[in-house]
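This report concerns only the one structure given below.
2 protein chains.
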Amino acid sequence: MTRYQHLAALLMQRIEQGLYQSGERLPSVRTLSSEHGVSISTVQQAYHLLEEKQLIAPQARSGYFVSSRRAVPPVPAITRPVQRPVEITQWESVLELLNVREGENVIKLGSGIPDLQKPTLKPLWKIFSRMGNQQDMQMLDYDSLYGVLELREQVARLTIDSGCHLTPEEIVITTGCQEALSVAIRAICQPGDIVAVESPAFYGTMQTLRGFGIKAIEIPTDSCTGISLEALELAFDQWPVKAVLVVPVCNNPLGFTMPDSRKRALLALAQRFDAAIIEDDVYGELSYDYPRPITIKSQDDDGRVLLCSSFSKTLSPGLRVGWVAPGRYLDRVLHMKYIVTGSTAKQPQMAVAEFIRQGFYPVHLRRMRQQYQKNLQAFTLSLRRHFPCGICVTRPQGGYLVWIELPEALDTVRLNRKLKESHIQIAVGSLFSASGKYRNCLRLNYAQPFTDRTENALKILGAAVEDAMEKCVTSVEE
Amino acid sequence: MTRYQHLAALLMQRIEQGLYQSGERLPSVRTLSSEHGVSISTVQQAYHLLEEKQLIAPQARSGYFVSSRRAVPPVPAITRPVQRPVEITQWESVLELLNVREGENVIKLGSGIPDLQKPTLKPLWKIFSRMGNQQDMQMLDYDSLYGVLELREQVARLTIDSGCHLTPEEIVITTGCQEALSVAIRAICQPGDIVAVESPAFYGTMQTLRGFGIKAIEIPTDSCTGISLEALELAFDQWPVKAVLVVPVCNNPLGFTMPDSRKRALLALAQRFDAAIIEDDVYGELSYDYPRPITIKSQDDDGRVLLCSSFSKTLSPGLRVGWVAPGRYLDRVLHMKYIVTGSTAKQPQMAVAEFIRQGFYPVHLRRMRQQYQKNLQAFTLSLRRHFPCGICVTRPQGGYLVWIELPEALDTVRLNRKLKESHIQIAVGSLFSASGKYRNCLRLNYAQPFTDRTENALKILGAAVEDAMEKCVTSVEE
């Protein structure tokens, strides 16, 4: 990096952090030159670079100012869903989102797919190939209902990082986290029961509740600290809530990690009302904090937490290797697992166990965490460059999903239809609500390395949003 | 094979076929000698061999007689389950059966595991190894909700043999046949609904009904022609039966294949009462008849049949690759599939597709059909050798499962407990009933090549049965 690039990066960071606010005047060229001990022309080059990126703009005879729309957008306010149990719909929209996966030409900003191209994943291929050569008959035989023992041993070890002390006998391997959630929900609930969920909440979980005839009560959720414990308590007071379903670490879609004190308070609340907690930790290992935050499960002393996770976000979703640590619900989870799939494919389980055993997993995780954090910077910078002001954007603490709130009047379902012509896929906000909220929101995936193609997609997306906003204003004025 | 062995085999076959009945006098040594153009001593050697096998016994001055207990045992009579919907229990016994899989030293006569050691399966390993080398990124990515297209194309082609004309778009890949059955049941039924099943019926299906809160009405079933259509009609008349769940080809556990006319009549009945048919064809391709019998699905003209199958019995259960052709219930099946596992592991799907595409599948199938048929002969002969008379045994038309009915007073659950000491696993009959019937029955697996170990296990089993029978008689006499 040359001197002027270095200086530009530093200034960019300060703007990012809000040290130089939107519309604020930046230090003069002379001041910066003496402050950083660089030449006048170096400062000028740095300012030109930032000007090119539209982060700052010169004003005649007054120097450089932070471009107004480049300011850090605020985070979304706490959500306010309807405070009663509702039935879930939206399946058609989910299907629409899923079906896009088939098309190759589409830039998939709406999916939950991780980056699969990193060299740290390569040893997995070697393991696959070796397994073919070794012809281990175990691979073809029926699996134990619990799953492959070697994998459960490795999972038990991995969960130590999140504060857990699990034995392999407390873990059941599942066909992805989706089956983990599915069997956990069915182990606890009967049709007609009520489950409390964050709002917004992952559409896969919502559909599972729907499919089993379970009602959801959507709890207000803060985009920085998570589910509102106050609102949850009110819900417990009013309704016979059987379980709370949360994604407390690297939340999908809001990206927050609940502070540890709130995790403990949530557990205490569940204990007081004798409810189970279904904890989805599928993005937990991709936390940008190191060591990773603890799970609620790690604090669980009476077995009421069912911890669900998978290797779909960290290694590969095509493997379909997930797991659940169901605490006191082990027997019922085993029964559900048996009737749903019997067992999970053995080869992917054995491959993942070997990948971890040989030490490749932490190396890969570190690489992915770094990449996703780096991508986030480029992505949010680009968002600010191309999106109009008046939007709110989350500050993900891990994973690769960002949630954007547009002005109330905007409809992302309509926006989505328009974007299809440009081969851009987004996840519309209404998928994440049982009661049809968040039509003005969208979730974007920044897992892939930031390229010109991403930049271009965000430019088109931003322009479409701006266009929709203008139309809204016009129609209101009319 | 020497002359006397050849002659012994011929005589054995005749006894088998019932040409020489139990207790009947066999031709004299002299007669056979002239009839077959062999020496007196050859006939004597042949008779000695059969005597050793306890198939025949000499009587002083009268010649040789067919041993009474070696006669072909009759098939079980049509079953008579309770004719009302019942709730299913028995999970603990199923779990007990499944858990035995972990132990290595046990001879697993109770499982549904196929033979995995045949050379015709070998190309699968090569395919696995090649897939590792090729590093096809598709393998790691999320799958379509329907499953891998190449596999669906192959499955569509395979089903032509059973009389079907399916397109890949009408097929959904599942995580084994268990998921196929599970999503099919849930696509049609709500908790509290009633499903008609054969009696006895596969315990996996029964547990699925139980897990979803669905009631089963067990229909009398003939061990040669299948579910009683007359009883089924009565059930339709009396109860709001939503669906009929049958295994019409190579039934599990009874081994029959329904005559085509009865398959058609069953479909007509379902049409008349507007019920769905869930057709489990998981052993269908292992029919000893060639070409294989047609499915009910092949006759389905209004999409009410949900055909479920997998490669677990033909290739390997560890792969967890199954499929469902859900007819008019496609949309609901897709939803259920999504919430249950999201999708099926991709690598096993791609491997199976490649195995079929390269032409290895029919070769392997032929080999397995031949082996299982051969095993059946050795197995039933050994059964007759070691079991007391008074038992009924099914005549499987395919697959590798045989159902044995002991005298009414016998309890196989108790028998099973005793057999554990001898490291022999059987599937007790009560698993196959919702209402606790068939405690005097058991199901045995004859997939493995017949060895001294099998012979020895059947000897122990037969002795245990004989012992139990004697105790019964004693206790009655007391």
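Chains as they are written, first to last, in full-length UniProt numbering: chain A, 1 to 478; chain B, 1 to 478.
For every residue, glycine included, the Cβ atom is placed at its ideal position computed from N, Cα and C.
Treat the numbers as computed from the prediction; the structure is a model and nothing was measured.
Limits of the alpha helix (DSSP H) - the one that residue i falls within
i                : result
Asp280 (chain A) : Counting along the chain, Asp280 (chain A) falls outside any alpha helix (DSSP H), though it belongs to the beta strand (DSSP E) covering Ala276 to Asp280.
Gln59 (chain B)  : Counting along the chain, Gln59 (chain B) falls outside any alpha helix (DSSP H), though it belongs to the beta strand (DSSP E) covering Ile56 to Gln59.
Arg385 (chain A) : Phe360 to His386
Ile15 (chain B)  : Arg3 to Gln17
Glu408 (chain B) : It is not in any alpha helix (DSSP H) - Glu408 (chain B) carries neither H nor E in the DSSP assignment.
Leu124 (chain A) : Pro123 to Gln134
Close beta carbons around residue i, own chain, < 8 Å, minus the five adjacent residues each side
i                : result
Leu365 (chain A) : Glu285, Leu286 and Thr314
Pro362 (chain B) : none
Phe202 (chain B) : Val247, Asn252, Pro253, Asp280 and Phe432
Gly147 (chain B) : Ile171, Val172, Ile173, Thr174, Trp323, Ser343, Thr344 and Gln349
Ile107 (chain B) : His423, Ile424, Gln425, Arg453, Thr454 and Ala457
Chain-ordered chain A contacts of residue i [CB-CB under 9 Å]
i                : result
Ser433 (chain B) : Per Cβ cutoff of 9 Å: no residues; Ser433 (chain B) is ~17 Å from chain A at best.
Residue nearest to residue i in terms of C-alpha spacing, selected from the options
i                : options                                   : result
Gly429 (chain B) : B:Ala187, B:Phe65, B:Ser199 and B:Lys118  : B:Ser199
Ser112 (chain A) : A:Leu149, A:Tyr361, A:Arg453 and A:Phe311 : Strictly speaking, residue 112 (chain A) in this sequence is Gly, with Ser absent from that position. The option with the nearest alpha carbon to Gly112 (chain A) is A:Phe311.
Leu181 (chain A) : A:Trp403, A:Trp323 and A:Gln13            : A:Trp323
Tyr288 (chain B) : B:Ala325, B:Leu334 and B:Tyr372           : B:Tyr372
Ile214 (chain B) : B:Ile56, B:Gly399 and B:Cys189            : B:Cys189
Ala434 (chain B) : B:Glu169, B:Lys459, B:Arg3 and B:Leu209   : B:Leu209
Leu50 (chain A)  : A:Ala268, A:Glu87 and A:Tyr4              : A:Tyr4
Ser223 (chain A) : A:Pro396, A:Lys420 and A:Leu11            : A:Pro396
Arg25 (chain A)  : A:Val94, A:Glu218, A:Phe379 and A:Phe65   : A:Phe65
Ala184 (chain B) : A:Glu16, A:Pro123 and A:Thr341            : A:Thr341
Pro119 (chain A) : A:Phe273, A:Tyr400, A:Met368 and A:Ala447 : A:Met368
Val402 (chain B) : B:Asp141, B:Ala275 and B:Ala447           : B:Ala447
Pro27 (chain B)  : B:Val241, B:Tyr47 and B:Ala351            : B:Tyr47
Trp125 (chain A) : A:Phe379, A:Leu319 and A:Lys297           : A:Leu319
Pro114 (chain B) : B:Ile294, B:Tyr283, B:Lys337 and B:Ile296 : B:Tyr283
Ile194 (chain A) : A:Gln207, A:Ala216, A:Tyr400 and A:Cys472 : A:Ala216
Host beta strand (DSSP E) of residue i (start-end)
i                : result
Tyr64 (chain B)  : Gly63 to Val66
Asp222 (chain A) : Lys215 to Asp222
Arg182 (chain A) : First, the amino acid is wrong: residue 182 (chain A) is Ser here, not Arg. Premise fails: Ser182 (chain A) lies in the alpha helix (DSSP H), Gly176 to Ile188, not in any beta strand (DSSP E).
Val402 (chain B) : Leu401 to Glu405
Gly322 (chain A) : Gly322 to Ala325
Arg304 (chain A) : Counting along the chain, Arg304 (chain A) falls outside any beta strand (DSSP E), and DSSP gives it neither H nor E.
Lys242 (chain A) : Val241 to Val246
Close beta carbons around residue i, own chain, < 7 Å, minus the five adjacent residues each side
i                : result
Thr225 (chain A) : Phe256, Met258, Pro259 and Arg262
Gln154 (chain B) : Ala353, Ile356 and Arg357
His36 (chain A)  : Leu7
Pro191 (chain B) : Phe212, Gly213 and Ile214
Ala468 (chain B) : Leu410 and Leu415
Ile391 (chain A) : Pro73, Ile404, Glu405 and Leu406
Leu109 (chain A) : Ile424, Gln425, Ile426, Leu444, Asn445 and Ala457
Lys459 (chain A) : His386
Cross-chain neighbours of residue i in chain A, by beta carbon under 7 Å
i                : result
Ser261 (chain B) : The contacting residues do not exist; Ser261 (chain B) stays about 33 Å from chain A at best.
Thr208 (chain B) : Ile339
Gln135 (chain B) : Trp125
Close Cβ partners of residue i (< 6 Å) along its chain, the five nearest in sequence each way excluded
i                : result
Thr79 (chain B)  : Ser199, Pro220 and Thr221
Glu477 (chain B) : Confidence at Glu477 (chain B) is low in this model, with a pLDDT of 49, below 50, so the placement of that residue should be treated as unreliable; the coordinate-derived value is given next. Cβ within range, chain order: n/a, list empty.
Gly462 (chain A) : His386 and Phe387
Arg332 (chain B) : Ala187
Val393 (chain A) : Pro73 and Ile404
Neighbour list for residue i in chain B, Cβ cutoff strictly below 7 Å
i                : result
Thr89 (chain A)  : Simply none; closest approach about 12 Å.
Asp143 (chain A) : Gly318
Partner residues on chain B for residue i, Cβ-Cβ distance less than 8 Å
i                : result
Gly284 (chain A) : Here the premise fails: no neighbours, minimum Cβ distance about 18 Å.
His48 (chain A)  : The premise fails here: His48 (chain A) is roughly 40 Å from chain B at the closest Cβ pair, so nothing lies under 8 Å.
Under 8 Å by beta carbon: chain A residues contacting residue i
i                     : result
residue 493 (chain B) : This structure cannot speak to residue 493 (chain B), because chain B is shown only from 1 to 478.
Chain B residues whose Cβ lies nearer than 9 Å to that of residue i
i                : result
Asp280 (chain A) : Under the 9 Å cutoff, chain B gives no residues; its nearest Cβ is about 13 Å from Asp280 (chain A).
Ile113 (chain A) : Asp141 and Tyr142
Any chain E beta carbon closer than 8 Å to residue i
i                : result
Pro168 (chain B) : Considering every chain present, this structure includes no chain E. Its protein chains are A and B.
- Query: If you measure beta-carbon to beta-carbon, which residues of the region 345 to 371 of chain B are closer than 8 Å to chain A?
  - Reply: Against chain A - using a Cβ distance shorter than 8 Å - the residues of the region 345 to 371 of chain B are Ala345, Lys346, Gln347 and Pro348.
- Using Cβ-Cβ distances below 7 Å, what residues of the region 174 to 189 of chain B are close to chain A? Within the region 174 to 189 of chain B, the residues whose Cβ lies closer than 7 Å to some Cβ of chain A are Thr175, Gly176, Gln178, Glu179 and Ser182, listed in chain order.
- Item | Proximal residues, the region 229 to 243 of chain B versus chain A, C-beta separation under 7 Å | Residues passing the 7 Å Cβ filter: none.
- Task: Note down, in chain order, all residues in the region 309 to 332 of chain A with a beta-carbon under 7 Å from any beta-carbon belonging to chain B.
- Result: Of all residues in the region 309 to 332 of chain A, only Ser316, Pro317, Gly318, Leu319 and Arg320 place a beta-carbon less than 7 Å from a beta-carbon of chain B.
- Query: Using a Cβ cut-off of 8 Å, which residues of the region 439 to 456 of chain B contact any Cβ in chain A, in chain order?
  - Reply: Hits within the stretch: zero.
- Item | Positions along the region 389 to 409 of chain A whose CB lies within less than 7 Å of some CB in chain B | None of the residues of the region 389 to 409 of chain A has a beta carbon lying less than 7 Å from any beta carbon of chain B.
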